[in-house]
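Residue numbers (our numbering): 4 to 479. Note that CB positions come from ideal geometry on N, CA and C, so glycine has one too. So the structure is just underneath, and the comments pick up after that.
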Ligand SMILES: Nc1ncnc2c1ncn2[C@@H]1O[C@H](COP(=O)(O)OP(=O)(O)OP(=O)(O)O)[C@@H](O)[C@H]1O
Ligand SMILES: [Mg+2]
């Protein structure tokens, strides 16, 4: 195994890479190094951090400032609206994509699939019509319309009539109603209504109110993922994984679904408008919000010049059935991440798997190779900076490497904090990650904020208030 002390291989930053790391193994420091390198070369990043706290945001801002990239920073922090830009994950995509995104909230819930599919059809009918009305909407609007028959009537009245979405909506609306036995009039079937929307309104409430509500409900938000990618922004996303695990992981799923749409749209634009250098998406605690529909994102992202960097603690977490994942998903992720980096591992199974993959990587790595490395050497005048940039080209010839000698399982469990084994197209090597010291400058969390031009939205939440008077179906 080559012993490459301070070099990060160039392909680490340009292809999907899977990171495996037990806690305390030096992952956060490594991510800071990656961020630093990306900021230095003017690239953009979406950094999904599983441990959301003020210190983490402060570090991110400090790094950005050091590289004159402060103005590119955007923060999404659903736990603390005072320290967050605004973002609305329901703006991008066609009706089907947005419907799928919303239905992610019902995945894995106790509800049986019949009710889920009923809810899915209802949401599809509503979103379809709302999309055709051409005005942006948000979680508050959804919560309102899923709670109020009056608003459904309003959509029926205001929606554009000669559309397919209107016909679908009409059918759905009729199905929600029944003949009143005494009067013969069509009345709302409250039981069906409740069954269809009850679970969804319960879930959506977490994004409609409170801190998350204030972050996520703008019609013209400060953060747009497609723009962020095109403009090489530095987006920090804090997930309150420890305090609000379910809301955090659901939100991450919704965000990645929005990202998937953005990446799809990127593929359709001329290559010269695609991000350069390669845009990075760092996904800490990936297993907590991974979903089977993400596999295609890995394929699409590559052609859009976006490199995905999921981090997990154990290999087996990728096939965790309790999270709706499968062996098939694990294989897809392992197969779609050409590079792997492992920090100190604690579970023998992951160590075993990584050792096997190292052998595999080496087999694929031709015995004669032309390699290019980008690296940073840490300087001592300013410990916070990695001063020197090296660009090295090397022609290397390796002879007969025994599988056994590549990396044994215990090599992975014996790694000390900050040590890693990297395997990728340039071979297998041991890395020692330099420590990124960050000077803290003050306590204030100062980041770019924007007063966005007012954009009118569908405004159902406001109308809900108006209709609520004497509206018997209003809940909560
Ligand atoms: N390359 C390194 N050289 C020296 N010390 C390091 C290095 N990387 C990390 N450390 C130290 O080791 C400790 C753990 O590092 P870090 O926070 O990066 O680990 P982690 O894997 O992110 O842990 P967690 O799972 O708790 O988030 C920290 O105190 C950090 O200062
Ligand atoms: Mg950490």
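Can you find the residues in the same chain that come closer than 6 Å, C-beta to C-beta, to residue i, ignoring five residues on each side of it along the sequence?
{"i": "residue 347", "result": "25, 28 and 418"}
{"i": "residue 464", "result": "143, 144 and 147"}
{"i": "residue 65", "result": "441"}
{"i": "residue 320", "result": "290"}
{"i": "residue 181", "result": "192"}
{"i": "residue 48", "result": "41, 237 and 283"}
{"i": "residue 96", "result": "264"}
{"i": "residue 86", "result": "80 and 448"}
{"i": "residue 200", "result": "149"}
{"i": "residue 318", "result": "353 and 356"}
Could you give the C-beta distance for residue i and residue j, rounded to a whole number, given that I count them as a contact under 8 Å?
{"i": "residue 55", "j": "residue 82", "result": "6 Å"}
{"i": "residue 345", "j": "residue 126", "result": "No, residue 345 and residue 126 are not in contact; Cβ-Cβ is about 41 Å, not under 8 Å."}
{"i": "residue 154", "j": "residue 466", "result": "6 Å"}
{"i": "residue 330", "j": "residue 322", "result": "5 Å"}
{"i": "residue 235", "j": "residue 273", "result": "Contact flag wrong, Cβ pair sits at about 17 Å."}
{"i": "residue 254", "j": "residue 237", "result": "With a Cβ gap of about 20 Å, residue 254 and residue 237 do not count as contacting."}
{"i": "residue 343", "j": "residue 20", "result": "7 Å"}
{"i": "residue 92", "j": "residue 222", "result": "Not confirmed; about 13 Å, so no contact."}
In chain order, what residues of the same chain have a beta carbon less than 8 Å from the beta carbon of residue i, not counting five sequence neighbours either side?
{"i": "residue 70", "result": "39, 42 and 43"}
{"i": "residue 472", "result": "Note that residue 472 scores a pLDDT of 47, beneath 50, so its modelled location is shaky and nothing firm can be said."}
{"i": "residue 358", "result": "409, 410, 411, 412, 414 and 415"}
{"i": "residue 161", "result": "136"}
{"i": "residue 327", "result": "110, 111, 294 and 295"}
{"i": "residue 67", "result": "42, 73, 75, 76 and 237"}
{"i": "residue 469", "result": "none"}
{"i": "residue 281", "result": "16, 17, 46, 308, 309 and 310"}
{"i": "residue 168", "result": "98, 128, 131, 132, 134, 135 and 162"}
{"i": "residue 267", "result": "303"}
What does the alpha-carbon distance come out to for the pair residue i and residue j?
{"i": "residue 165", "j": "residue 134", "result": "14 Å"}
{"i": "residue 309", "j": "residue 197", "result": "42 Å"}
{"i": "residue 176", "j": "residue 453", "result": "40 Å"}
{"i": "residue 77", "j": "residue 185", "result": "58 Å"}
{"i": "residue 89", "j": "residue 299", "result": "28 Å"}
{"i": "residue 52", "j": "residue 30", "result": "11 Å"}
{"i": "residue 79", "j": "residue 462", "result": "23 Å"}
{"i": "residue 220", "j": "residue 32", "result": "33 Å"}
{"i": "residue 354", "j": "residue 437", "result": "23 Å"}
{"i": "residue 457", "j": "residue 302", "result": "37 Å"}
{"i": "residue 459", "j": "residue 292", "result": "32 Å"}
{"i": "residue 352", "j": "residue 325", "result": "19 Å"}
{"i": "residue 214", "j": "residue 141", "result": "15 Å"}
{"i": "residue 256", "j": "residue 340", "result": "20 Å"}
{"i": "residue 124", "j": "residue 50", "result": "34 Å"}
{"i": "residue 103", "j": "residue 217", "result": "23 Å"}
{"i": "residue 333", "j": "residue 183", "result": "52 Å"}
{"i": "residue 116", "j": "residue 446", "result": "49 Å"}
{"i": "residue 120", "j": "residue 240", "result": "31 Å"}
{"i": "residue 287", "j": "residue 439", "result": "18 Å"}
Note down, in chain order, each residue of its chain lying with its Cβ closer than 7 Å to the Cβ of residue i, except the 5 sequence neighbours on either side.
{"i": "residue 195", "result": "179"}
{"i": "residue 61", "result": "443 and 448"}
{"i": "residue 289", "result": "313, 314 and 315"}
{"i": "residue 360", "result": "343 and 426"}
{"i": "residue 14", "result": "342, 427, 428 and 429"}
In terms of residue numbering, what span does the beta strand (DSSP E) encompassing residue i cover?
{"i": "residue 225", "result": "Careful: residue 225 lies outside any beta strand (DSSP E) and carries neither H nor E."}
{"i": "residue 314", "result": "309-315"}
{"i": "residue 496", "result": "Any answer about residue 496 is impossible in this case: the structure gives the chain only from 4 up to 479."}
{"i": "residue 521", "result": "Any question about residue 521 goes unanswered here, given that the chain covers just 4 to 479."}
{"i": "residue 433", "result": "430-435"}
{"i": "residue 438", "result": "From DSSP, residue 438 is part of no beta strand (DSSP E); its letter is neither H nor E."}
{"i": "residue 480", "result": "There is no way to answer for residue 480, as the model of the chain reaches only from 4 to 479."}
{"i": "residue 344", "result": "342-345"}
{"i": "residue 283", "result": "282-286"}
How would you write the range of the alpha helix (DSSP H) that residue i sits in, first residue to last?
{"i": "residue 266", "result": "248-270"}
{"i": "residue 132", "result": "116-136"}
{"i": "residue 419", "result": "Unbroken run through residue 419: none, as it is neither H nor E."}
{"i": "residue 32", "result": "30-43"}
{"i": "residue 79", "result": "Premise fails: residue 79 lies in the beta strand (DSSP E), 76-80, not in any alpha helix (DSSP H)."}
{"i": "residue 58", "result": "57-69"}
{"i": "residue 148", "result": "142-148"}
{"i": "residue 338", "result": "330-339"}
{"i": "residue 101", "result": "98-106"}
Closest Cβ-Cβ distance between residue i and chain B: below 8 Å?
{"i": "residue 204", "result": "In summary, chain B is missing from the structure at hand, where a single protein chain is found."}
Exercise. How about the stretch 187-203 and the stretch 411-426: do they share at least three Cβ pairs that are nearer than 8 Å?
Worked result: At 8 Å Cβ cutoff, the stretches do not touch.
Problem set entry | Validate contact between the stretch 259-278 and the stretch 223-240 using beta carbons, cut 8 Å, 3 pairs | Flag = yes, the stretch 259-278 and the stretch 223-240 touch.
For this session: Determine, using beta-carbon pairs with one atom in the stretch 207-217 and one in the stretch 239-254, whether at least three such pairs fall under 8 Å.
Result: With the cut-off at 8 Å, the stretch 207-217 and the stretch 239-254 touch.
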